[in-house]
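Residue numbers (this note's numbering): 6 to 488.
Heads up, the beta-carbon is just placed ideally off N, CA and C, and yes, glycines get one too.
First the structure, in the form of structure tokens, and then the observations on it.
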């Protein structure tokens with residue numbers, strides 16, 4: 006109990022200094038937050054203005070919040086990293102309240118644990134003085150000086166709302182288009198599943214990840230699928246499809262007139278050659294001669310085949326040296342390589358088919374959604390399934406005295422394409438008569454024909470990629486022209 010009484014003055018002094026120290030720390034944090042957030046808001050304002058001229062790689066909300074969050078974290082972190090010495094706080098209070106270094110001297114005596122009568126009296130006297138100190142009077146919270154400059158970044162933020170967007174924002178895919186994109190990802194994934202991990206397979210897997218990203222739009226999906234199609238076609242051309250098929254067929258026929266080989270395909274023949282390599286010492290002279298003749302015949306048939314160049318080079322060595330187990334093993338490995346190339350070619354064919362089907366489905370997805378919501382009439386020219394309006398009337402065709410002839414009313418061409426038409430809709434003209442009403446082609450039927458032609462053009466690359474969104478926007482704009 007006596008020690009508690011003796012320690013009471015020390016506790017009063019230390020508690021008072023701790024309270025003042027906390028206020029100093031909080032005041033520093035507030036000042037830092039104001040200063041660093043000034044720069045954070047300035048960066049956010051610049052990003053808002055920049056977003057009006059070109060799309061940012063990040064969502065605009067995240068791009069604005071990121072500099073502010075980083076600035077706040079730096080402001081708090083820098084202040085917390087700075088440790089305040091209690092003795093420094095005591096001297097600050099002495100100077101602020103004109104205590105003639107009483108707190109500083111008493112704190113030094115407490116730290117040195119002095120037990121002299123003079124030190125004890127000095128500590129008690131300082132404790133009585135400290136009891137009347139108000140931390141708010143020593144350190145008062147002030148308005149941060151940086152606040153007067155906050156009008157500059159706020160002005161920049163406000164200015165960004167009056168700057169028109171200088172680029173076209175691609176609309177997000179609708180539900181039907183999203184389903185088509187996800188289906189395309191699943192189809193491509195199925196085309197490469199279980200296959201070898203070639204460079205092209207890895208590229209297809211990256212494409213699957215891109216398509217499954219919810220931020221991937223229709224135009225981006227079509228562009229990436231088109232690029233993948235070009236890469237797959239280039240790989241297919243590199244493998245020389247026709248010559249590869251010819252090589253596989255030639256190798257498969259090798260066992261037709263042979264007593265040594267009975268395999269029906271490249272893999273079986275390669276396996277039999279591997280077994281013959283292990284049994285080479287047990288072959289008779291007649292069997293060796295037959296094997297030599299078979300391999301020479303195979304080399305002659307594949308002489309000009311580019312797909313089997315490595316195999317032909319190994320077979321040509323038979324002319325300079327006898328057939329050895331090592332040579333047979335090399336030939337067997339070359340046969341397996343040709344078989345693997347044939348499997349790769351089949352996989353490329355599957356990938357090309359999936360890309361073609363996926364691009365077509367994505368192109369038609371918007372039309373199907375429009376049908377279901379009544380935005381596009383059925384093929385009979387009637388209203389959509391959920392449409393409550395009647396049939397839209399098409400453009401009236403002026404009667405000509407020469408009789409009924411088809412008139413080209415709408416012709417859309419792929420911009421910058423040489424001469425390829427991707428949509429043509431014709432309206433039929435009634436015979437010229439004052440008593441008969443002129444006939445019309447329903448507007449929605451014309452629109453539906455144009456939409457279907459647009460999807461077909463997308464499928465066969467009839468429209469340059471950079472103009473596809475414009476054509477789609479045009480078709481969307483004229484969809485409601487009759488309302």
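With distances taken between CA atoms, residue 478 lies nearest to 224 out of 320, 224, 321 and 272. The three-state secondary structure of residue 172, taken from DSSP, is coil. The straight-line gap separating the alpha-carbon atoms of residue 133 and residue 19 is approximately 13 Å. Relative to the Cα of residue 336, the nearest Cα in the group 348, 354, 317 and 350 belongs to 317. Residue 46 and residue 152 have their C-alpha atoms roughly 12 Å apart.
Of the candidates 99, 299, 143 and 344, 344 places its Cα closest to the Cα of residue 271. Each residue's CA atom was taken as its position, placing residue 463 and residue 274 some 45 Å apart. The beta carbons of residue 162 and residue 29 sit no closer together than 7 Å. Restricting attention to 278, 176, 291 and 351, the CA atom closest to the CA of residue 332 is found in 278. Apart from the 5 residues on each side of it in sequence, residue 113 sits with its Cβ closer than 8 Å to the Cβ of 92 in its chain, given in chain order. Taking the C-beta atoms as reference points, residue 101 is found no nearer than 7 Å to residue 109. Taking 3 residues as the minimum length, the region 10 to 70 contains no beta strand (DSSP E) run wholly inside it. The straight-line gap separating the alpha-carbon atoms of residue 265 and residue 295 is approximately 8 Å.
Going by DSSP, residue 150 is part of no alpha helix (DSSP H) at all; its letter is neither H nor E.
Residue 121 sits in coil when the DSSP states are folded into three classes, being neither helix nor strand. Annotated three-state conformation of residue 288 is coil, per DSSP. When DSSP states are grouped into helix, strand and coil, residue 105 belongs to the coil group. Residue range 271 to 283 is occupied by the alpha helix (DSSP H) that includes residue 276. Residue 323 is positioned such that its CB atom lies no closer than 7 Å to that of residue 357.
Sequence-distant partners of residue 78 (beyond 5 residues in either direction) whose C-beta falls short of 6 Å from its own C-beta are missing from its chain.
Between residue 149 and residue 26, the gap from beta carbon to beta carbon reaches 7 Å or more. With respect to residue 42, residue 76 sits close: the two C-beta atoms are nearer than 7 Å. When secondary structure is reduced to three states using DSSP, residue 178 falls in the coil class, being assigned neither helix nor strand.
For residue 221, the three-state secondary structure derived from DSSP is coil. Around residue 215, the same chain offers 221 and 229 as residues with beta carbons nearer than 7 Å, after the five sequence neighbours per side are excluded. Contact between the region 154 to 172 and the region 56 to 67 is present: three or more C-beta pairs spanning the two stretches fall below 8 Å. Residue 306 and residue 255 have their C-alpha atoms spaced approximately 7 Å apart.
In this structure, DSSP gives residue 242 a helical state, which the three-state scheme calls helix. DSSP places residue 314 in the uninterrupted alpha helix (DSSP H) bounded by 314 to 321. Between residue 312 and residue 252, the C-beta gap is smaller than 7 Å, which places the two residues in contact. For residue 138, the closest alpha carbon among the candidates 459, 21 and 480 is that of 21. In this chain, the alpha helix (DSSP H) harbouring residue 163 covers 156 to 165.
The continuous alpha helix (DSSP H) containing residue 143 extends over residues 140 to 143. Collapsing the DSSP output to three states places residue 329 in coil. Measuring C-alpha to C-alpha distances from residue 33 to each of 53, 80, 236 and 363 identifies 80 as the nearest.
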